[in-house]
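K.L.:
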Amino acid sequence: MTLTPLTSDLRRIKTQIVIAILLACTALEASSGVSIKIEDGLLETPFSGKIYVVISPQTKDTMPLKTNYWFKPIEIISKDVYQWDGQSELIIDRNDIRYNKAATKLPTAYELQVLARVNRRDADPFTSIGNLYSDPILLDSDSHENLNLFVLVNKSIDQHSPLYPEKPAESSQLKLFSHHSSLLSKFHKQPYSVDVAVHLPKDWQHSTNKKWPVLYYISGMGGSELEVLRIIKRHQEYFDKFITVSVNAMNYGGHSVFADSANTGPWGTMLVEEIVPKIDGRFRGAGASKRYLTGISSGGWSSLWLQVKYPDEFASTWSFAPDSIDFRDFHRINLYAKDQNFYTDNLGYDRVLVRSLSGKPLIKSRDFIQMEQAIGEGGQIRSFEYVFSPRGKDGLPVPFFDRETGKIDRTVIEHWKSYDIRLYLNKHWENLKDKLNGKLNVYGGEKDQIFLENPVRLLKEELTYLDANANIEVLPEVGHAFDREKVVSMLKIITSEPDNKPIDQD
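The opening position of the sequence shown corresponds to residue 72 in this note's numbering, with each subsequent residue numbered one higher.
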């Protein structure tokens with residue numbers, strides 16, 4: 072066909088129309104997303120932190136911000152903000168940091184909530200006092216797909232918020248207080264306090280001339296000082312015979328594990344030099360010969376660490392399902408070997424971080440880190456870096472592996488060595504054996520869901536080689552949990568000294 076000036080003009084116009092439509096679509100796509108503002112008066116000053124958009128299938132029981140993001144279908148999108156005033160336009164879309172654990176069966180309705188992480192002291196953004204959040208917004212499948220809406224953040228988490236964990240009232244046996252730490256305040260250059268729960272013996276008030284054994288209970292990752300109350304309820308008849316103390320181990324970086332750290336400060340020293348004397352003085356503790364430790368998971372690691380680092384301060388420890396106590400097996404990775412990768416094994420297969428009791432893979436390491444990246448500081452793996460890693464030039468802990476490639480940085484692992492409990496015992500056993508023999512009880516579960524059983528085996532091999540008097544076991548058919556039989560055995564030992572009676576004061 073021969074082109075005339077008219078047909079040429081028509082084609083040019085059509086081309087311009089197509090280009091205009093494409094540009095319009097691109098502009099629409101670029102502007103789509105969740106537009107967020109904070110209600111006037113909620114934000115006193117501009118803040119730097121994270122903004123979260125959390126989406127989950129609609130349920131009757133809970134709101135998106137209360138969804139278990141480890142195992143439930145959930146989408147988390149986050150954006151870092153710097154000195155945001157809450158009033159200037161902020162849009163979050165799926166091009167921002169994102170974690171998406173899709174539902175196996177797509178629901179017809181979703182709920183969306185927004186949260187502003189203003190609190191830079193506590194680990195869990197979804198429960199921390201001072202953080203700001205919106206009402207849940209119902210989305211149909213279309214609005215969920217397009218995600219083009221405005222959200223007003225209009226609430227603050229306080230002690231009456233549905234997001235804040237409910238706390239029990241004090242009683243004659245339960246005492247709750249906040250301990251102002253001089254050591255942590257000096258390190259952080261601002262006032263710093265930790266929450267403490269104390270459960271007293273049933274006869275404590277009526278036996279004013281008696282001193283009592285003290286058990287320090289340390290919760291796992293995400294637990295508070297109140298977690299111990301569930302354990303006490305199951306074994307009340309034993310816990311009524313001694314003092315139980317639980318100190319909240321959590322901070323902005325995650326679990327402190329009560330180890331002194333370049334990033335989180337002197338948590339171990341704080342416990343031994345500040346909390347222990349306060350408890351003994353205020354509640355009549357019987358001293359080091361009747362002072363015990365226990366805990367699970369990160370609390371299991373903590374209880375073993377404190378016993379090993381401060382052998383004269385504690386009479387015995389019972390450590391359940393501890394985080395890796397031998398870095399030759401850190402979630403099945405030998406951190407000391409060359410060319411190790413957090414995401415893939417030596418054959419190139421994806422590593423699994425979490426499994427079911429039956430052994431079914433649940434969460435891959437790469438997916439877990441994607442979730443942590445979306446949530447930010449306070450996650451489990453990042454928590455290890457806050458304690459074990461050196462402090463970087465930016466003031467943050469140096470990552471021990473590349474978040475993009477998974478490659479492990481052996482120079483950072485050199486710094487981690489000082490927190491390898493098995494290695495520490497190997498190096499110092501000659502000086503520690505008389506102080507630790509008979510004090511170490513460590514229990515792993517054969518079916519531990521996060522693969523923590525093998526480091527317990529390695530510790531058993533090491534202590535057997537050192538001819539140590541220690542009770543180290545991997546329990547058959549047990550997962551990442553307390554073993555009731557071992558817990559009762561521990562409680563019987565504590566309450567049998569001396570003869571189930573408190574100790575007379577000198």
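Idealized CB from N, CA, C, for every residue including glycine.
Predicted, not measured: the structure shown is a model, and the values here were computed from it.
1) Hey, could you find the ends of the beta strand (DSSP E) N542 is sitting in?
2) Find the nearest neighbour of V425 within the set A408, N405, W372 and Q451, judged by alpha-carbon distance.
3) Could you please give the first and the last residue of the uninterrupted alpha helix (DSSP H) stretch that includes P432?
4) Quick one: Cα of N571 to Cα of D397, how far?
5) I'd like to confirm something about E160: is its beta-carbon nearer than 8 Å to some heavy atom of the ligand MG, or not?
6) Which first and last residues belong to the alpha helix (DSSP H) in which I565 is found?
7) Identify whether F221 lies in helix, strand or coil by the three-state DSSP scheme.
8) Name the residue from R399, S436, G430 and E448 whose alpha carbon lies nearest to the alpha carbon of F413.
9) Under a Cβ-count criterion, where at least 16 other Cβ atoms within 10 Å of its own Cβ denotes burial, should H592 be classed as buried or exposed?
10) Give the range of the alpha helix (DSSP H) segment to which R493 is assigned.
11) To which residues of the same chain is K563 closer than 6 Å at the C-beta, ignoring the five residues directly before and after it?
12) Would you grab the beta carbon distance between K257 and R355 for me? Rounded to a whole angstrom, and I think it's under 8 Å.
13) Return the residue from the list G463, E182, L247 and I484 that minimises the CA-CA distance to N405.
14) Determine contact between the region 226–245 and the region 187–204, defined as no fewer than three beta-carbon pairs at a distance below 8 Å.
15) Does the region 377–395 come into contact with the region 521–537, if we say contact requires no fewer than three beta-carbon pairs (one atom in each stretch) closer than 8 Å?
16) Return the CA-CA distance between S149 and A194, expressed in angstroms with no decimal places.
17) So, with DSSP's three-state summary, where would you put H578?
18) Along the chain, where does the beta strand (DSSP E) containing K488 start, and where does it finish?
19) State buried or exposed for T566, treating a residue as buried only when at least 16 other CB atoms are found within 10 Å of its CB.
20) Going by DSSP in three states, V458 sits in which element: helix, strand or coil?
21) Could you tell me whether the Cβ atoms of F471 and E456 are closer together than 9 Å?
22) For the alpha helix (DSSP H) that contains L136, what are its first and last residues?
23) Buried or exposed: where does P262 fall if 16 or more other Cβ atoms within 10 Å of its Cβ makes it buried?
24) Let me check understanding here. Comparing Cα to Cα, which of H277, L546 and T388 lies closest to G515?
P.N.:
If we stick to the structure as given:
1) N542 to L546
2) Cα-wise, what sits closest to V425 is Q451.
3) Run containing P432: none in the alpha helix (DSSP H); it sits in the beta strand (DSSP E), P432 to K435.
4) With a pLDDT of only 41 at N571, under the threshold of 50, the placement of this residue in the model should not be trusted; the figure read from the coordinates follows. Distance between the alpha carbons of N571 and D397 is about 36 Å.
5) Judged by which ligands are present, the structure shown has none, so any question about the ligand MG falls away.
6) R555 to T566
7) strand
8) S436
9) Because the chain here runs from 72 to 577, residue 592 falls outside it and cannot be looked at.
10) Its alpha helix (DSSP H) spans residues I492 to L507.
11) none
12) The C-beta separation of K257 from R355 comes to about 29 Å, leaving the pair out of contact by the 8 Å criterion.
13) I484
14) Touching, yes.
15) yes
16) 16 Å
17) Since the first and last residues shown for the chain are 72 and 577, residue 578 lies out of range.
18) Here K488 belongs to no beta strand (DSSP E), and DSSP marks it neither H nor E.
19) buried
20) helix
21) yes
22) Note, L136: premise wrong, no alpha helix (DSSP H); not H, not E.
23) exposed
24) L546
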